[in-house]
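A.B. asks: Have a look at this one before I ask anything.
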Amino acid sequence: MKDTFWAEMSSTQRSESVNALFEGYVNDRTTLKQFVEQYDNALRDKVEKENKPDCKSFQEVIPCITHYEFGRQFQETYTNVKFKEFQDQLRGKIYCYPTLLNKYNSVCTFRVREDQIIEEKTIISEYIVSFIEEECDVRCECQHFEFRGILCNHILSVLPLVDLNIVPSKYILERWRKDFKRKLLVCLSNFTSMFNT
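Take 0 as the starting number for the sequence shown in numbering that gives the first Met the number 0 and just add one per residue.
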């Protein structure tokens, strides 16, 4: 399960988020018919709440903090919320010091030393980042991308060293894109028409 993206949510958190979705719409005395009607309302409200920031992402441009081409790439594609997260990782890059450990065929392995301040003390952590040139595949042992869906500062510190100016689309998850069309609306209309016939 460690290779599956769960947005760092435990099963309890997932259950709580479902409960939060229906809070104010259903209770323990809700009939099945009422549930179906309220389910539709809850999802419609959720879509509206999600669309507001998405709309804002098209209208408001957050300045990129670096001159890197991949920074502009994320600025153009990510929602503003995710772009801010990306820029946090980009800021963290200044505390990362990558060193090439090994190059074998098309695989480069880097050690990335990171200075972190924890409880007012500087702690030095090390991470291994692998880059497979043929597949344009990059991985870090911190697994930030696998868990949070966004490239980590360790990977970002290595990209300029391997001359990767544009990040492959596989590292820009669809759900974080400005132009992502929420499929929930189609689901809602199908769900509603099924019960109105």
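Virtual Cβ for every residue (Gly too), placed ideally from N, Cα, C. This one's a predicted model, so the numbers in the text were calculated from it and none came from an experiment.
Helix, strand or coil, according to DSSP, for arginine 28 in the structure here?
C.D. replies: In the sequence shown, counting from the first residue as 1, residue 28 sits at position 29. Reduced to three states, the DSSP call for arginine 28 is coil.
A.B. asks: If we count the other Cβ atoms within 10 Å of its Cβ and call it buried at 16 or more, is glutamate 173 buried or exposed?
C.D. replies: Residue numbering aside, residue 173 sits at position 174 when the sequence shown is read from its first letter. Glutamate 173 is exposed by the Cβ-count criterion.
A.B. asks: Which word fits aspartate 178, buried or exposed, when buried means at least 16 other C-beta atoms lie within 10 angstroms of its C-beta?
C.D. replies: For this step, residue 178 is matched to residue 179 along the sequence shown. Classification of aspartate 178: exposed, given that the 10 Å Cβ count is below 16.
A.B. asks: What number of angstroms, rounded off, separates the C-alpha of valine 35 from the C-alpha of glutamate 75?
C.D. replies: Reading the sequence shown from its first residue, position 36 is the one you call residue 35. Reading the sequence shown from its first residue, position 76 is the one you call residue 75. Going by the C-alpha atoms only, they are around 38 Å apart.
A.B. asks: Between the beta-carbon of glutamate 119 and the beta-carbon of isoleucine 127, is there less than 7 Å?
C.D. replies: Stepping through the sequence shown from its first residue, residue 119 is reached at position 120. Stepping through the sequence shown from its first residue, residue 127 is reached at position 128. Contact: no.
A.B. asks: Using beta-carbon positions only, say whether arginine 79 and isoleucine 64 come within less than 7 Å of one another.
C.D. replies: Here residue 79 refers to the residue found at position 80 when the sequence shown is read from its first residue. Here residue 64 refers to the residue found at position 65 when the sequence shown is read from its first residue. The question names arginine, yet the displayed sequence has asparagine at residue 79. The answer is no: Cβ separation not under 7 Å.
A.B. asks: Considering just the uninterrupted stretch of the alpha helix (DSSP H) at asparagine 79, what are its terminal residues?
C.D. replies: Stepping through the sequence shown from its first residue, residue 79 is reached at position 80. Residues 79 to 91.
A.B. asks: Assuming threonine 121 is part of the beta strand (DSSP E), what are its boundary residues?
C.D. replies: Locating residue 121 in the sequence shown gives position 122, where the first residue counts as 1. Element bounds for threonine 121: 120 to 131.
A.B. asks: Could you tell me whether the segment 27 to 42 touches the segment 130 to 137, where touching means 3 or more Cβ pairs closer than 8 Å?
C.D. replies: Verdict: no, contact absent.
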